Amino acid sequence: GQLRITTSISFGMAYLAAAIVDYQKQYPQVSVDMMMGERSVNLIEERIDLAIRISGELDPNLVARRIASCRSVVCASPDYLRSHGVPASPDKLTEHNCLTYSNFGKGQWRFVREGKEIDVPVSGKLSANETTVLTQAALAGAGLALQPTYLAGPLIKNGQLHAVLTDWEPPELGIWGVYVSRRHLPATLRTLLDFLVQRYAGVPDWDRD
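Numbering (our numbering), first residue to last: 5 to 213.
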């Protein structure tokens, strides 16, 4: 069979492509067509079998299965922090150039600490609709970026980026597999969903030390 999948460019490149290759090693008879982009597609009109979406809350009318968790972290390059200082608290973000995602949280970032939730206004000179652009800008020393740990985690571990405000946790998002019908779920799609859930069970690779 064939599966047509859509996902964001960042998650597709960072983790999904490798997962699909490993899935096809177990199920060599399944071919996969991956479409990567940032827009929400109509699954029926574009004949999509599975959409991988990262969101805090999904439309309750969607049929979906949670695949994994997605944490986020505020980070910047060592050069930027040496030049501009490290924000000691979220309210200090107003003093920094914040690299924002134009489709999500462009004007404010939310944090949680000990049950207390705050929204902090942020602004900066660069906004983009694709998070890998913001990652590259952060690496180049442009400012602070709120990034998913699946993308920023490896760069923080190797020292290219530094995490800040680690006592404040941005709200956790879900990585969801969205499909058309639970009643008419093809066997190939069921095996892929099971594979992805098992692969990212517990603590996902990107959040492991």
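C-beta atoms are modelled at their ideal positions from N, C-alpha and C, and glycine is treated no differently.
These figures come from a predicted structure and were not determined experimentally.
**Report entry** Unbroken beta strand (DSSP E) run spanning residue 123, endpoints
**Finding:** 120 to 125
Query - Local Cβ density within 10 Å of residue 188, reported as buried at 16 or more and exposed below that - result: Result: exposed.
Report task. Tell me whether residue 51 is buried or exposed, calling it buried when 16 or more other Cβ atoms sit within 10 Å of its Cβ. Result -> exposed
Query raised in the report: Which term fits residue 181, buried or exposed, when burial requires 16 or more other beta carbons within 10 angstroms of its beta carbon?
Result: buried
Query raised in the report: Can you tell me whether DSSP reads residue 21 as helix, strand or coil?
Result: helix
Query raised in the report: If you draw a straight line from the alpha carbon of residue 64 to that of residue 184, how long is it in whole angstroms?
Result: 13 Å
Query raised in the report: So what's residue 181 in DSSP terms, helix, strand or just coil?
Result: Annotated three-state conformation of residue 181 is strand, per DSSP.
Query raised in the report: Per DSSP, what kind of secondary structure is residue 137 in: helix, strand or coil?
Result: helix
Requested in this report: Just the C-alpha distance for residue 169 and residue 115, rounded to the nearest angstrom, thanks.
Outcome: 10 Å
Query raised in the report: Does the Cβ of residue 87 have 16 or more other Cβ atoms within 10 Å, making it buried, or fewer, making it exposed?
Result: exposed
Query raised in the report: Which one or two residues does DSSP pair with residue 9 in a beta bridge?
Result: Residue 9 is bridged to 38, 54.
Query raised in the report: How close, in whole Å, do the beta carbons of residue 59 and residue 200 come, if the pair is a contact with beta carbons under 8 Å?
Result: With 8 Å as the limit, residue 59 and residue 200 do not qualify as a contact, their Cβ atoms being about 16 Å apart.
Report task. Examine the Cβ distances between the segment 73 to 83 and the segment 147 to 160 and report whether three or more of them are shorter than 8 Å. Result -> yes
Query raised in the report: Three-state secondary structure (DSSP) at residue 166?
Result: strand
Query raised in the report: Beta carbon of residue 197, beta carbon of residue 69: below 8 Å?
Result: yes
Requested in this report: Assess, as a yes-or-no matter, whether the segment 94 to 107 is touched by the segment 116 to 134 under the definition of 3 or more beta carbon pairs within less than 8 Å.
Outcome: yes
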